[in-house]
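Visitor:
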């Protein structure tokens, strides 16, 4: 028994049963372990293009006001989001990123043994919360690197799921379904089942990827964030949009004074600067194209992406891709990879600046060669 | 049944049972309701003296880096806190304010019917979390405006409490116990009972108010914050210090990427600037003295305070104090008051600038006169 799995005797049985593993190790921890900083930070799908200059200015300006708690209702931001999405303010709840909102949502709906459906290899932080509240996770496989709405629905029907989690576009593969496909999925949800539609990357996807938001429809809750397209991962601002009855329930459990003041100001400014978001989309598209090229240059296939990252198929199994990933890290390029086969044949590289892409272009062939050498050594 | 108490059918029985009331209404919501901003913001025990200039500079500087997630381990801040408190880094967990840490702690230890002990009228957000996880709250009364360690211990013994919550110095009364008294309380804890020692205001209390931190002692967990003395309420940074087995359990449930990047940088800088904290303590002391004087000028008694607020006894019952509070609000002075009798005979006024104090000095006699007039009218 390691230190971390020792239990304080006062833990609840559920808390005592939880694993001490965490979904992600941060790049900073990896840098501390290897003793040198990464040259390219392309593993967490952050936006290297940053928030808009006006957003940075607004946050700098707000720093002096940090002695005041942020508005616990995130009123101004919710009002602006309501206008932006043409919904009512009471159909939006703001939280500490989608991670924080998933925590609250799972807490509200999942208890011991509650069945929940997701794709094997989809967002592990959702699973972390489901496990954390005692739920039971049922998975279906990806189909050709796409999350599979039909299989998710069928599994939900089979196990009587209360929640289905789907990200569109998908993380970690970058694939996406059309609005029509998602809407059909919503229409075919079993009675009593809520679709948790994680649209963290939707601002970066082709226009029209998101089905129209209909807050009268209590079968779906939409999760959005300022962490990706808006370039504010470190500010921890996400929001959920849905039926007001479900949305209002968040107020029973959320950390009311949990939203930072600088973050609220920043998000409001970021939302107003849609021109910047469009500019980011163009830069992301350019970087995606470059990542496709880099894959081709190395004789590999890239999965076409609707996000700010590209999964590159390393052409062999998960062990091989993990070796490539490790080698990339040693060469100064922080990336991640899918956790589950066969998607774990890929490494997932975030879009970046031209300089970032040049580093990838230089490091990938070396990393592939190192991984191949490791395979050859094992064969001997 | 109002809108807010309608239930989504997918809520867990516990979530469905939770009240929709929240511990505190923010000053911004009150300003929106009355249509004018407050002239003095003295209701949330924020530090009007702000964070240190170096902290503001560091946060302004960090705004451009907000595209990156904050380090999920808050490594640098934890290291600095470990040095500051002479403990090991794995005996500290950083979270989104004490509110966020109380959420995690209660989640880890409280389930349906778990008995918990606190003082009637103590911090309502702790109770919010206990109720939120299905625990059962048992209360004891204050004794002469002090939380009563002996009564808390006796009640914990009687009900088999898993947690006792105590804030020292106390909020909302501002009174405090000596380190020796708190240490005696720790020594007399029933077996299996954890003391949640909320020391949010301890930096503002007389030196030596906090018992020595002994992380080998698993009977107590200490809660600290950058929201009060350090003047960073809007940055949402608190930390808990305790035995490593309990502290490590937070990693099973906390929102790992929940700590903002700008906030982490700010807190680290604030911690380094202890001279600023000392300066704030002096300004707080000056303001406390002024609040005592204002009480005297109005023929009222102030409760001696070890915090950055003063509870002023309005000399009558809770209804009277509530009328004073409302009148103060209408005169532009945001304050709060204790929720429970007989402490609710007081209004609680945060320390402030000389200008803030001048506003209080001017508004309080008017508010008292209005409240007295209301009483006189009712008598007729």
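Chains as they are written, first to last, in the UniProt record's numbering: chain A, 1 to 380; chain B, 1 to 380.
Don't be surprised by glycine CBs; every beta carbon is placed ideally from N, CA and C.
Everything numeric in this text was worked out from a predicted model, so none of it was measured.
Fully enclosed by the stretch 153 to 226 of chain B, which alpha helix (DSSP H) runs are 4 residues long or longer?
Guide: List check, alpha helix (DSSP H) in window: 179 to 187.
Visitor: Under 7 Å Cβ-Cβ, which residues of chain B neighbour residue 263 of chain A?
Guide: Against the first chain, residue 263 of chain A aligns to sequence position 263. Per Cβ cutoff of 7 Å: 260.
Visitor: Under the rule that 16 or more other beta-carbon atoms within 10 Å means buried, what is residue 8 of chain B, buried or exposed?
Guide: For the purposes of this step, residue 8 of chain B is taken as residue 8 along the second chain, with counting starting at 1. Buried: at least 16 other Cβ atoms inside 10 Å.
Visitor: Specify, as a first and last residue, the run of the beta strand (DSSP E) that residue 296 of chain B falls within.
Guide: Counted from its first residue, the second chain places residue 296 of chain B at position 296. Here residue 296 of chain B belongs to no beta strand (DSSP E); instead the alpha helix (DSSP H) covers 274 to 297.
Visitor: So which of A:32, A:61 and A:19 has the shortest CA-CA distance to residue 76 of chain B?
Guide: Taking the first residue of the second chain as position 1, residue 76 of chain B is located at position 76. Selected option, being the one with the closest Cα: A:32.
Visitor: Hey, out of B:239, B:255, B:228 and B:357, whose CA is closest to residue 297 of chain B's CA?
Guide: Mapped onto the second chain, residue 297 of chain B falls at position 297. The shortest Cα separation from residue 297 of chain B among B:239, B:255, B:228 and B:357 belongs to B:357.
Visitor: Can you grab the Cα-Cα spacing for the pair residue 393 of chain A / residue 14 of chain B, in whole Å?
Guide: This structure cannot speak to residue 393 of chain A, because chain A is shown only from 1 to 380.
Visitor: Can you give the Cα-Cα distance for residue 97 of chain A and residue 226 of chain A, rounded to whole angstroms?
Guide: Along the first chain, read from residue 1 onward, the residue named residue 97 of chain A stands at position 97. Along the first chain, read from residue 1 onward, the residue named residue 226 of chain A stands at position 226. Roughly 8 Å between the two C-alpha positions.
Visitor: Can you tell me whether residue 20 of chain A is buried or exposed, with buried defined as 16 or more other CB within 10 angstroms of its CB?
Guide: Mapped onto the first chain, residue 20 of chain A falls at position 20. Residue 20 of chain A is exposed by the Cβ-count criterion.
Visitor: Leaving aside the five residues before and after residue 23 of chain B along the sequence, list all residues of the same chain whose C-beta is less than 7 Å from its C-beta, in chain order.
Guide: Position 23 of the second chain, counted from the start, is the residue given in the question as residue 23 of chain B. Correct list, in chain order: 124, 125 and 128.
Visitor: What residues from chain B crowd round residue 35 of chain A, counting only those whose CB sits closer than 7 Å?
Guide: By one-based count along the first chain, residue 35 of chain A stands at place 35. Within 7 Å Cβ-Cβ: nothing; residue 35 of chain A doesn't reach chain B, min ~14 Å.
Visitor: Which chain B residues sit within Cβ distance under 9 Å of residue 132 of chain A?
Guide: The count along the first chain starts at 1 and reaches residue 132 of chain A at position 132. Going along chain B in sequence order, the residues near residue 132 of chain A (Cβ under 9 Å) are 107, 252 and 253.
Visitor: Pull out every residue of the stretch 272 to 293 of chain B whose Cβ sits closer than 7 Å to any Cβ of chain A, in chain order.
Guide: Result list empty, no residue passes.
Visitor: Residue 273 of chain B: which of B:155, B:164 and B:58 sits nearest, CA to CA?
Guide: Within the second chain, numbered from 1, the residue matching residue 273 of chain B stands at position 273. Answer by Cα proximity: B:58.
Visitor: DSSP three-state call for residue 40 of chain B: helix, strand or coil?
Guide: The residue labelled residue 40 of chain B in the question sits at position 40 within the second chain. Strand, per DSSP.
Visitor: Can you list, in chain order, the residues of the stretch 49 to 75 of chain A whose Cβ is nearer than 7 Å to any Cβ on chain B?
Guide: If the cut-off is 7 Å between Cβ atoms, the stretch 49 to 75 of chain A has 50, 51, 56, 59, 60, 63, 64, 65, 66, 67, 68, 69, 70, 71, 72, 73 and 75 near chain B.
Visitor: Which chain A residues sit within Cβ distance under 8 Å of residue 9 of chain B?
Guide: Position 9 of the second chain, counted from the first residue, corresponds to residue 9 of chain B. Within chain A, the residues near residue 9 of chain B are 192.
Visitor: Does residue 364 of chain B come within less than 8 Å of chain A when only Cβ atoms are used?
Guide: Looking up residue 364 of chain B in the second chain gives position 364. It does not; no Cβ of chain A falls within 8 Å.
Visitor: Beta carbons nearer than 8 Å to chain A: which residues of the stretch 92 to 106 of chain B have them?
Guide: Against chain A - using a Cβ distance shorter than 8 Å - the residues of the stretch 92 to 106 of chain B are 96, 97, 99, 100 and 103.
Visitor: Quick one: what's residue 95 of chain B bridged to in DSSP?
Guide: Counting from one through the second chain, the residue named residue 95 of chain B turns up at place 95. DSSP lists B:238 as partners of residue 95 of chain B.
Visitor: With a threshold of 7 Å on Cβ separation, who are the neighbours of residue 371 of chain A within its own chain once the five nearest residues in sequence on each side are excluded?
Guide: Your numbering for residue 371 of chain A matches position 371 in the first chain. Excluding sequence neighbours, residue 371 of chain A sits near 320, 323, 324 and 327.
Visitor: Where do the N-terminal and C-terminal ends of the alpha helix (DSSP H) with residue 60 of chain B fall, by residue?
Guide: In the second chain, the residue the question calls residue 60 of chain B occupies position 60. Segment 53 to 62, the alpha helix (DSSP H) holding residue 60 of chain B.
Visitor: DSSP has residue 346 of chain B in a bridge; who is on the other side?
Guide: One-based indexing of the second chain puts residue 346 of chain B at position 346. DSSP, once it has assigned bridges, lists B:313 as partnering residue 346 of chain B.
Visitor: Classify residue 34 of chain A as buried or exposed, calling it buried when 16 or more other Cβ atoms lie within 10 Å of its own Cβ.
Guide: The residue given as residue 34 of chain A occupies position 34 in the first chain. Exposed.
Visitor: Name the chain A residues that come within less than 7 Å of residue 424 of chain B, Cβ to Cβ?
Guide: As shown, chain B starts at 1 and ends at 380. That puts residue 424 of chain B outside it, with no answer to give.
Visitor: Against chain B, with Cβ distances strictly below 8 Å, would residue 233 of chain A count as a contact?
Guide: Sequence index remark: in the first chain, residue 233 of chain A carries index 233 (1-based). Closer than 8 Å: yes.
Visitor: For residue 219 of chain A versus residue 213 of chain A, is the C-beta spacing smaller than 8 Å?
Guide: Start at 1 with the first residue of the first chain, and residue 219 of chain A comes out as number 219. Start at 1 with the first residue of the first chain, and residue 213 of chain A comes out as number 213. For residue 219 of chain A and residue 213 of chain A, no; Cβs fall outside 8 Å.
Visitor: Could you tell me whether the Cβ of residue 249 of chain B comes closer than 8 Å to any Cβ of chain A?
Guide: Locating residue 249 of chain B in the second chain gives position 249, where the first residue counts as 1. Output row for residue 249 of chain B: interface = yes.
Visitor: In whole angstroms, give me the CA-to-CA distance for residue 150 of chain B and residue 156 of chain B.
Guide: For this step, residue 150 of chain B is matched to residue 150 along the second chain. For this step, residue 156 of chain B is matched to residue 156 along the second chain. Distance between the alpha carbons of residue 150 of chain B and residue 156 of chain B: 10 Å.
Visitor: What in chain B is Cβ-close to residue 32 of chain A, meaning under 8 Å?
Guide: Reading the first chain from its first residue, position 32 is the one you call residue 32 of chain A. Ordered by position in chain B, the residues that pass the 8 Å Cβ test against residue 32 of chain A are 75.
Visitor: Between A:205, A:148, A:92 and A:11, which has its C-alpha nearest residue 109 of chain B's C-alpha?
Guide: The residue you call residue 109 of chain B lines up with position 109 of the second chain. Looking at the Cα atoms, A:11 is the closest of the given residues.
Visitor: Using three-state DSSP, classify residue 247 of chain B as helix, strand or coil.
Guide: Taking the second chain and counting its residues from 1, one reaches residue 247 of chain B at position 247. In the structure shown, residue 247 of chain B sits in a helix (DSSP, three-state: H, G or I).
Visitor: Looking at the secondary structure, which residues open and close the beta strand (DSSP E) in which residue 433 of chain B lies?
Guide: As shown, chain B starts at 1 and ends at 380. That puts residue 433 of chain B outside it, with no answer to give.
Visitor: Counting Cβ pairs closer than 8 Å, one from the stretch 185 to 193 of chain A and one from the stretch 157 to 164 of chain A, do we hit at least three?
Guide: Because the criterion of three Cβ pairs below 8 Å is met, the stretch 185 to 193 of chain A and the stretch 157 to 164 of chain A touch.
Visitor: Compare the C-alpha of residue 116 of chain B against each of B:166, B:143 and B:73 and name the closest.
Guide: Along the second chain, read from residue 1 onward, the residue named residue 116 of chain B stands at position 116. Considering only alpha carbons, the answer is B:166.
Visitor: How would you label residue 17 of chain A, buried or exposed, when you count the other beta carbons within 10 angstroms and need 16 or more for buried?
Guide: As a working note, residue 17 of chain A is residue 17 in the first chain. Exposed, because fewer than 16 other Cβ atoms sit within 10 Å of the Cβ of residue 17 of chain A.
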